[in-house]
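Residue numbers (my numbering): 71 to 309.
Structure below.
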């Protein structure tokens with residue numbers, strides 16, 4: 071069964087892109103979302119980077135990036151999606167430049183990821199751990215305390231010190247959390263139109279009646295809740 075986020079992306083792209091659109095999954099890992107996109111009627115491929123220390127194997131339809139650049143010609147895609155990827159992107163300007171380059175005129179970019187404002191760090195499962203990125207030693211002590219209190223993902227087989235060291239190293243090496251206003255400014259620089267649509271994710275996850283309520287009547291509150299509990303949903307288009 072498809073992951074809920076994958077189903078959301080497929081449904082949103084059906085609304086945002088033409089039927090049978092050429093779609094790139096940016097940062098696609100094992101290619102699971104690529105398969106879902108193809109099952110949804112899209113001509114989809116993926117892209118990812120090879121990073122020392124990361125063990126996930128790329129899928130058969132995933133093209134590896136070269137020096138953080140996409141291996142595709144200009145204006146190759148009708149749509150691009152990125153699911154929980156941009157908190158791992160070190161060079162934000164380069165990534166957005168490459169995405170804009172390979173999008174066709176009027177193409178759409180659907181970007182879903184957490185900012186620094188999200189409460190729980192999604193990789194270690196500890197609230198506010200990513201707020202201590204500038205203080206690695208303090209972050210590790212905080213992770214140890216969280217472990218002793220029973221919090222955290224992927225605990226099995228590791229002592230408290232081992233888990234805190236592993237997660238602390240992962241956060242320092244592979245994550246970059248940014249402020250929402252800086253992220254929006256960067257998107258506005260590269261695309262003609264940029265919109266926030268966190269309420270669409272909330273509506274998708276709820277019943278139709280509740281979905282209408284949160285997406286229309288309670289839109290400002292819903293957007294804030296989704297950004298704090300999950301992440302941002304950005305829709306950007308090229309000229």
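C-beta: ideal position from N, C-alpha, C; glycine also. Being a predicted model, the structure only gives us computed values, none of them experimental.
Any alpha helix (DSSP H) of 4 or more consecutive residues that is wholly inside the region 92 to 169:
Complete alpha helix (DSSP H) runs here, min 4: 102 to 109.
Mark residue 273 as exposed unless 16 or more other C-beta atoms lie within 10 angstroms of its C-beta, in which case mark it buried.
Looking up residue 273 in the chain shown gives position 203. Burial state of residue 273 is buried, judged by a 10 Å Cβ sphere holding 16 or more other Cβ atoms.
If I follow the unbroken alpha helix (DSSP H) through residue 253, where does it start and stop?
Reading the chain shown from its first residue, position 183 is the one you call residue 253. Start and end: 250 to 260.
CA-to-CA distance, residue 160 to residue 253, given in whole angstroms
On the chain shown, position 183 is the one that residue 253 refers to. On the chain shown, position 90 is the one that residue 160 refers to. Straight across, the Cα-Cα distance linking residue 253 with residue 160 is about 13 Å.
Name the DSSP beta bridge partners of residue 263, please?
Counting from one through the chain shown, the residue named residue 263 turns up at place 193. 307, per the DSSP bridge assignment.
Just curious, the beta strand (DSSP E) that residue 174 is in, first and last residue?
As a first step, residue 174 is located in the chain shown; it is residue number 104 there, counting from the start. Per DSSP, residue 174 belongs to the beta strand (DSSP E) from 173 to 183.
Close beta carbons around residue 164, own chain, < 6 Å, minus the five adjacent residues each side:
Residue numbering aside, residue 164 sits at position 94 when the chain shown is read from its first letter. Excluding sequence neighbours, residue 164 sits near 138.
Residue 75 - containing alpha helix (DSSP H), residue span:
By 1-based counting over the chain shown, the position of residue 75 is 5. Where residue 75 is concerned, the enclosing alpha helix (DSSP H) stretches over 74 to 86.
Should residue 297 and residue 261 be called a contact, given that it needs their Cβ atoms to be closer than 8 Å?
The residue given as residue 297 occupies position 227 in the chain shown. The residue given as residue 261 occupies position 191 in the chain shown. Taking 8 Å as the Cβ cut-off, residue 297 and residue 261 do not qualify as a contacting pair.
Using 8 Å as the threshold, is the region 230 to 241 in touch with the region 212 to 220, meaning 3 or more CB pairs across them?
Three or more beta-carbon pairs drawn from the region 230 to 241 and the region 212 to 220 are found closer than 8 Å, and the two stretches are therefore classed as touching.
From residue 102 to residue 95, what distance separates their C-alpha atoms?
Against the chain shown, residue 102 aligns to sequence position 32. Against the chain shown, residue 95 aligns to sequence position 25. Straight-line Cα distance between these residues: approximately 10 Å.
Tell me which residue opens and which closes the alpha helix (DSSP H) that residue 219 is part of.
For the purposes of this step, residue 219 is taken as residue 149 along the chain shown, with counting starting at 1. Looking at the DSSP string, residue 219 is not in any alpha helix (DSSP H), and its letter there is neither H nor E.
Looking only at its own chain, which residues have a Cβ that is under 8 Å from the Cβ of residue 202, when we skip the five neighbours before and after it?
For this step, residue 202 is matched to residue 132 along the chain shown. Counting only residues of its own chain and dropping the five nearest sequence neighbours on each side, residue 202 has a CB closer than 8 Å to the CB of 208, 209 and 212.
Cβ-based neighbour list, residue 241, same chain, cut-off 8 Å, excluding 5 preceding and 5 following
Here residue 241 corresponds to residue number 171 of the chain shown, with the count starting at 1. Excluding residues up to 5 positions away in sequence, 191, 193, 194, 199, 200, 203 and 209 lie with their Cβ nearer than 8 Å to the Cβ of residue 241 in the same chain.
Under 8 Å between C-beta atoms of residue 178 and residue 86
Start at 1 with the first residue of the chain shown, and residue 178 comes out as number 108. Start at 1 with the first residue of the chain shown, and residue 86 comes out as number 16. Taking 8 Å as the cut-off, the beta carbon of residue 178 is found closer than this to the beta carbon of residue 86.
Check each candidate in 276, 115 and 266 and name the one with the smallest Cα separation from residue 294.
Walking along the chain shown from the start, residue 294 turns up at place 224. In terms of Cα proximity to residue 294, the closest of 276, 115 and 266 is 266.
If you run the structure through DSSP and keep just helix, strand and coil, what is residue 190?
What you label residue 190 is simply residue 120 of the chain shown in a count that begins at 1. Reduced to three states, the DSSP call for residue 190 is strand.
Which term fits residue 148, buried or exposed, when burial requires 16 or more other beta carbons within 10 angstroms of its beta carbon?
By 1-based counting over the chain shown, the position of residue 148 is 78. With 16 or more other Cβ atoms within 10 Å, it is buried.
Residue range of the alpha helix (DSSP H) that residue 247 falls in?
Mapped onto the chain shown, residue 247 falls at position 177. Counting along the chain, residue 247 falls outside any alpha helix (DSSP H), and DSSP gives it neither H nor E.
Cβ neighbours of residue 78 in the same chain (closer than 7 Å, five flanking residues each side left out):
As a first step, residue 78 is located in the chain shown; it is residue number 8 there, counting from the start. If we look at residue 78 and ignore the five residues flanking it on each side, its Cβ neighbours are 271 and 274.
Quick one: grab the DSSP three-state call for residue 275.
Looking up residue 275 in the chain shown gives position 205. Under the three-state reduction of DSSP, residue 275 is assigned to helix.
Kindly give me the distance between the Cβ atoms of residue 172 and residue 142, rounded to whole angstroms, as I take these residues to be in contact under 8 Å.
As a first step, residue 172 must be located in the chain shown, where it is residue number 102. As a first step, residue 142 must be located in the chain shown, where it is residue number 72. Indeed they touch by this definition, with Cβ atoms about 5 Å apart.
Considering only residues of the same chain and omitting the five flanking positions on each side of residue 291, which have a CB-CB separation below 6 Å?
By 1-based counting over the chain shown, the position of residue 291 is 221. Scanning its chain for C-beta atoms nearer than 6 Å, with the 5 sequence neighbours on each side dropped, one finds no residue around residue 291.
With distance defined between alpha-carbon atoms, name the residue in 145, 151 and 110 nearest to residue 117.
Mapped onto the chain shown, residue 117 falls at position 47. The shortest Cα separation from residue 117 among 145, 151 and 110 belongs to 151.
Could you spell out the range, first to last residue, of the alpha helix (DSSP H) harbouring residue 289?
Looking up residue 289 in the chain shown gives position 219. 289 to 299 is the extent of the alpha helix (DSSP H) around residue 289.
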